[in-house]
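Asker:
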Amino acid sequence: MIRVRFAPSPTGFLHVGGLRTALYCELFARKNNGRLILRIEDTDRTRLVDGGIENIISTLRWAGIEPDEGPYIDSAGELREHGEYGPYVQSQRLDIYKKYVNQLVDKGYAYRCFCCAERLDEMRERQRTEGGRTMYDRRCRDLSEEERQTLLASGQPHVVRLAVPFEGTTGWNDLIRGRIEISNDQVDDQVLLKSDGFPTYHLAVVVDDHLMEITHVIRGEEWCPSTPKHVMLYEAFGWEQPKFAHLPLLLNRDRSKLSKRQGDVAVEDYRDKGYLSEALVNFVALLGWNPNSDREIYSRQELVDSFDLTKVNRGGAIFDLEKLDWMNGEYIKKLSDEELIGLAKPFFEKAGLGTDQEIIAKVALLERSRARTLSEIPAALPFLFEDPDVDPGLLSWKKSTVEIAKDRLIGLKEHISELEPKIFDSRESIESELLGFVIKMGWTNAETLWPMRVALTGLSASPGPFEVAWALGQETTVRRLGSAIAKL
RNA sequence: GGCUCGUUCGUCUAACGGUUAGGACGUCAGGUUUUCAUCCUGGAAACAGGGGUUCGACUCCCCUACGGGCUACCA
6 MIRVRFAPSP TGFLHVGGLR TALYCELFAR KNNGRLILRI EDTDRTRLVD
56 GGIENIISTL RWAGIEPDEG PYIDSAGELR EHGEYGPYVQ SQRLDIYKKY
106 VNQLVDKGYA YRCFCCAERL DEMRERQRTE GGRTMYDRRC RDLSEEERQT
156 LLASGQPHVV RLAVPFEGTT GWNDLIRGRI EISNDQVDDQ VLLKSDGFPT
206 YHLAVVVDDH LMEITHVIRG EEWCPSTPKH VMLYEAFGWE QPKFAHLPLL
256 LNRDRSKLSK RQGDVAVEDY RDKGYLSEAL VNFVALLGWN PNSDREIYSR
306 QELVDSFDLT KVNRGGAIFD LEKLDWMNGE YIKKLSDEEL IGLAKPFFEK
356 AGLGTDQEII AKVALLERSR ARTLSEIPAA LPFLFEDPDV DPGLLSWKKS
406 TVEIAKDRLI GLKEHISELE PKIFDSRESI ESELLGFVIK MGWTNAETLW
456 PMRVALTGLS ASPGPFEVAW ALGQETTVRR LGSAIAKL
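Start counting the first sequence at 6; every next residue gets the next number (the numbering used here).
#1: Counting C-beta neighbours from all protein chains within 10 Å, is the total for Asn-60 16 or more, i.e. buried, or is it exposed?
#2: Just the Cα atoms here: how many angstroms apart are Leu-539 and Ile-58?
#3: Using a Cβ-Cβ cut-off of 6 Å (strictly less than) and excluding sequence neighbours within five positions of Phe-203, which residues of its own chain qualify?
#4: Tell me the DSSP secondary structure of Tyr-102 in three-state form.
#5: Using the rule of at least 16 other Cβ atoms within 10 Å of the residue's Cβ for burial, across every protein chain shown, is Val-210 buried or exposed?
#6: For Arg-66 and Ala-115, what's the separation of their Cα atoms in angstroms?
#7: If we ignore side chains and look at the alpha-carbon of each, how far apart do Thr-315 and Arg-182 end up?
#8: Considering just the uninterrupted stretch of the alpha helix (DSSP H) at Pro-468, what are its terminal residues?
#9: State yes or no: is the C-beta of Ala-250 within less than 8 Å of the C-beta of Ile-223?
#10: Within 10 angstroms of the Cβ of Glu-227, are there 16 or more other Cβ atoms? Answer buried if so, exposed if not.
#11: Fully enclosed by the segment 381-414, which alpha helix (DSSP H) runs are 4 residues long or longer?
#12: Given this structure, state the Cα-to-Cα distance separating Thr-481 from Ile-78, to the nearest angstrom.
#13: Going by DSSP, what residue range makes up the beta strand (DSSP E) through Leu-486?
#14: Let me know the secondary structure DSSP gives Tyr-141 once reduced to three states.
#15: Let me check understanding here. Comparing Cα to Cα, which of Lys-262, Val-196, Phe-288 lies closest to Lys-328?
#16: Going by DSSP, what residue range makes up the alpha helix (DSSP H) through His-251?
#17: Considering Cα atoms alone, identify which of Ala-451, His-420, Phe-442, Ala-466 is closest to Val-483.
#18: Alpha carbons only, please: which of Glu-130, Gly-279, Leu-41 is nearest the one belonging to Arg-373?
#19: Out of Pro-296, His-235, Tyr-303, which one is the CA nearest neighbour of Asp-313?
#20: At a cut of 8 Å, does the segment 35-45 reach the segment 68-82 through at least three beta carbon pairs?
#21: By alpha-carbon positions, which one of Ala-369, Asp-394, Asp-325, Pro-13 ends up nearest to Leu-345?
#22: Between Cys-118 and Arg-166, how many whole angstroms is the CB-CB distance? I'm expecting something under 8 Å.
#23: Quick check for students: name the residue ranges of the alpha helix (DSSP H) that lie wholly in the segment 212-259, counting only runs of 4 or more.
#24: Below 8 Å between beta carbons: does that hold for Leu-292 and Phe-324?
#25: Buried or exposed: where does Cys-145 fall if 16 or more other Cβ atoms within 10 Å of its Cβ makes it buried?
#26: With three or more C-beta pairs closer than 8 Å as the rule, is the segment 371-391 touching the segment 440-449?
#27: Indicate the three-state DSSP secondary structure (helix, strand or coil) for Gly-176 in the structure shown.
#28: With a threshold of 8 Å on Cβ separation, who are the neighbours of Val-110 within its own chain once the five nearest residues in sequence on each side are excluded?
#29: CA-CA distance, Val-286 and Glu-391?
#30: Excluding the 5 residues flanking Ile-364 on each side, which residues of the same chain have their C-beta closer than 7 Å to its C-beta?
#31: Look up Glu-74 in the DSSP assignment and give the residues it is bridged to.
#32: Which value, in whole angstroms, describes the spacing of the CA atoms of Gln-246 and Val-236?
#33: Kindly identify the DSSP beta-bridge partner or partners of Tyr-116.
#34: How would you call Met-6, buried or exposed, if buried means at least 16 neighbouring beta carbons within 10 angstroms?
#35: Within the continuous alpha helix (DSSP H) that includes Phe-33, where are the two ends?
#36: If you pair each beta-carbon of the segment 468-482 with each one of the segment 424-438, do three or more pairs fall below 8 Å?
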């Protein structure tokens, strides 16, 4: 049984890079009929954020990622856990780590270190000025049993460090990168247990992955340098190692690791800007991997079916919004009317444009071919909410005359004001009615439709006049035609 | 600085060692259209550089350059 985990820290929001990692974990699990585990790595108490766990869970859910095990939010909004391998929150597993770290100390794979922060800082400072690598000098590794007992008895705070072998090399076969080997003399005597009794990432990740029977560790490339430490821990414990797959990073435009400051990195930022979760997921899935076909748009099932971890790229990918915008527009076009209206509604409320279902529906449907994000829909058609200030100079079509514009507007106004109100009930009926009228009158499209559109919208670019008339309704349409005529 | 990973159009990417190096976004030019958007057609645009290996290298090896990551009692 394949078991993969997504193991974020609850630091306040889900990073889009984290979303991609979670997605690849999910695709891999589903493809192989395995299980996806969510584990919360909250061993750094200084970076905890209230509600961080709930935020991760709900954001993953928004993206359509539902772990099989781990913390979840029940229908009553309570945080609970499911699965046989819990607890799935590391801060609730402290006793477990303590037990295993003691095993390591007993067997000589780890040792207690009493060095204080000041000494470590000084040491690194000196190492830096000497131009070499900055690593713990292993002073406490050589403490005699007597010295150690004395320090321990004195209540001196201490950490537990991994006793890295002095010689040799440690490596692993990365599913994405192939064999990676690192000389042991480059590996620091990593702190495993902090003086506050919390484990560091390195200890906790190995213990938990083993206990939770994780078969594949899928994580970001930034973990490559510390993977030898993890391999050493597996060896020290005598545990079978999982397979490792290190994903390429998501990058800023300047090719540095994707970060705040250079744009939005929180998934919720994209949600709030009006990106559809399907679009964001589709986009992010194709950053670093693709199904080797000429298509760009894939359903979730298609992604699952074609996913292949070993085909993931090795180079980092710039998170470029232009293509995301296009893709989001494609997804908006595919939405049903009901879906589009439902999704657009919150953005109207946020823009302070009310919750009038009818007007939201009209705006959303008029904008669907234009919109790249949901948030730009409410602001796109201001003339639906109040009468525009029409520039008289704009009213006649560029290749026509003011006289013709005025004549057409008068004709349209008279005709429209005499129409049965129910013709305005549907977009199709009003469009075919007015189109038929223009043809019957023998008017050419341009010299008629341009003035009408400008009279109704005041804009040089907007949706077509008939659909705008439908959206405005009979009364407003007639009124605006009237005030435009008065300006000519 | 040390260690390590990477490098195909501007961007995301495809290409059993044999292709006019393909697609998509963006861009440019046309077309459809009352305008914008949509839609259609077409164009420009890439194998980082140098050595090998090979009958033949984008594909394999080495070097260089450039870029990234890591270098915490953070993950």
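Ideal Cβ positions, reconstructed from N, Cα and C, are used throughout, including at glycine.
Answerer: Looking at the coordinates:
#1: The residue labelled residue 60 in the question sits at position 55 within the first sequence. Result: buried.
#2: The question about residue 539 has no answer, for the chain in this structure spans 6 to 493.
#3: For this step, residue 203 is matched to residue 198 along the first sequence. Closer than 6 Å at the Cβ level, and outside the excluded window around Phe-203, lie Thr-48.
#4: Residue numbering aside, residue 102 sits at position 97 when the first sequence is read from its first letter. In this structure, Tyr-102 counts as helix in the three-state DSSP scheme.
#5: Stepping through the first sequence from its first residue, residue 210 is reached at position 205. Around the C-beta of Val-210, 16 or more other C-beta atoms lie within 10 Å, and the residue is accordingly described as buried.
#6: Taking the first sequence and counting its residues from 1, the one referred to as residue 66 is at position 61. Taking the first sequence and counting its residues from 1, the one referred to as residue 115 is at position 110. The alpha-carbon of Arg-66 is positioned some 40 Å away from that of Ala-115.
#7: For the purposes of this step, residue 315 is taken as residue 310 along the first sequence, with counting starting at 1. For the purposes of this step, residue 182 is taken as residue 177 along the first sequence, with counting starting at 1. Rounded to whole angstroms, Thr-315 and Arg-182 show a C-alpha spacing of 9 Å.
#8: In the first sequence, counting from the first residue as 1, residue 468 sits at position 463. Note, Pro-468: premise wrong, no alpha helix (DSSP H); not H, not E.
#9: The sequence position of residue 250 within the first sequence is 245, counting from 1. The sequence position of residue 223 within the first sequence is 218, counting from 1. Yes.
#10: On the first sequence, position 222 is the one that residue 227 refers to. With fewer than 16 Cβ atoms within 10 Å of its Cβ, Glu-227 is classed as exposed.
#11: Those alpha helix (DSSP H) runs which fall completely within the segment 381-414 and span 4+ residues are 381-385.
#12: The residue given as residue 481 occupies position 476 in the first sequence. The residue given as residue 78 occupies position 73 in the first sequence. Each residue's CA atom was taken as its position, placing Thr-481 and Ile-78 some 48 Å apart.
#13: Translated into positions along the first sequence, residue 486 becomes position 481. It is not in any beta strand (DSSP E) - Leu-486 instead sits in the alpha helix (DSSP H) that spans 479-491.
#14: By one-based count along the first sequence, residue 141 stands at place 136. Tyr-141 carries a coil assignment under DSSP once its states are collapsed to helix, strand and coil.
#15: Mapped onto the first sequence, residue 328 falls at position 323. Ranking Lys-262, Val-196, Phe-288 by Cα distance to Lys-328 puts Phe-288 first.
#16: Within the first sequence, numbered from 1, the residue matching residue 251 stands at position 246. No alpha helix (DSSP H) holds His-251; the beta strand (DSSP E) holding it covers 248-252.
#17: In the first sequence, counting from the first residue as 1, residue 483 sits at position 478. Check the Cα spacing between Val-483 and each of Ala-451, His-420, Phe-442, Ala-466: the tightest is with His-420.
#18: For the purposes of this step, residue 373 is taken as the residue at position 368 of the first sequence. Nearest C-alpha to Arg-373: Gly-279.
#19: Here residue 313 is taken as the residue at index 308 of the first sequence, counted from 1. Comparing Cα-Cα distances from Asp-313 to each of Pro-296, His-235, Tyr-303, the minimum goes to Pro-296.
#20: Per the Cβ contact rule, the segment 35-45 is in contact with the segment 68-82 (3 or more Cβ pairs under 8 Å).
#21: The sequence position of residue 345 within the first sequence is 340, counting from 1. Closest option to Leu-345, Cα to Cα, is Ala-369.
#22: Counted from its first residue, the first sequence places residue 118 at position 113. Counted from its first residue, the first sequence places residue 166 at position 161. In this structure Cys-118 touches Arg-166 by the C-beta definition: roughly 5 Å separates them, less than 8 Å.
#23: Residue ranges of uninterrupted alpha helix (DSSP H) with 4 or more members, entirely inside the segment 212-259 and ordered along the chain, are 232-242.
#24: Along the first sequence, read from residue 1 onward, the residue named residue 292 stands at position 287. Along the first sequence, read from residue 1 onward, the residue named residue 324 stands at position 319. Contact flag set, yes.
#25: The residue given as residue 145 occupies position 140 in the first sequence. With 16 or more Cβ atoms within 10 Å of its Cβ, Cys-145 is classed as buried.
#26: No contact exists between the segment 440-449 and the segment 371-391.
#27: For the purposes of this step, residue 176 is taken as residue 171 along the first sequence, with counting starting at 1. In the structure shown, Gly-176 sits in a strand (DSSP, three-state: E or B).
#28: Position 105 of the first sequence, counting from 1, holds the residue named residue 110. Counting only Cβ-Cβ distances below 8 Å, and skipping sequence neighbours, we find Tyr-116, Arg-117, Val-165.
#29: As a first step, residue 286 is located in the first sequence; it is residue number 281 there, counting from the start. As a first step, residue 391 is located in the first sequence; it is residue number 386 there, counting from the start. One C-alpha to the other measures close to 37 Å.
#30: The count along the first sequence starts at 1 and reaches residue 364 at position 359. Excluding sequence neighbours, Ile-364 sits near Leu-389.
#31: To locate residue 74, count along the first sequence from 1; it is residue 69. Paired residue(s): Ile-42.
#32: Looking up residue 246 in the first sequence gives position 241. Looking up residue 236 in the first sequence gives position 231. Taking the straight line joining both Cα atoms gives about 7 Å.
#33: For the purposes of this step, residue 116 is taken as residue 111 along the first sequence, with counting starting at 1. DSSP links Tyr-116 through a beta bridge to Arg-166.
#34: Residue mapping note: residue 6 aligns to position 1 of the first sequence, counting from 1. Counting Cβ neighbours within 10 Å, Met-6 comes out exposed, since fewer than 16 surround it.
#35: The sequence position of residue 33 within the first sequence is 28, counting from 1. 21-36 is the extent of the alpha helix (DSSP H) around Phe-33.
#36: Yes, they touch.
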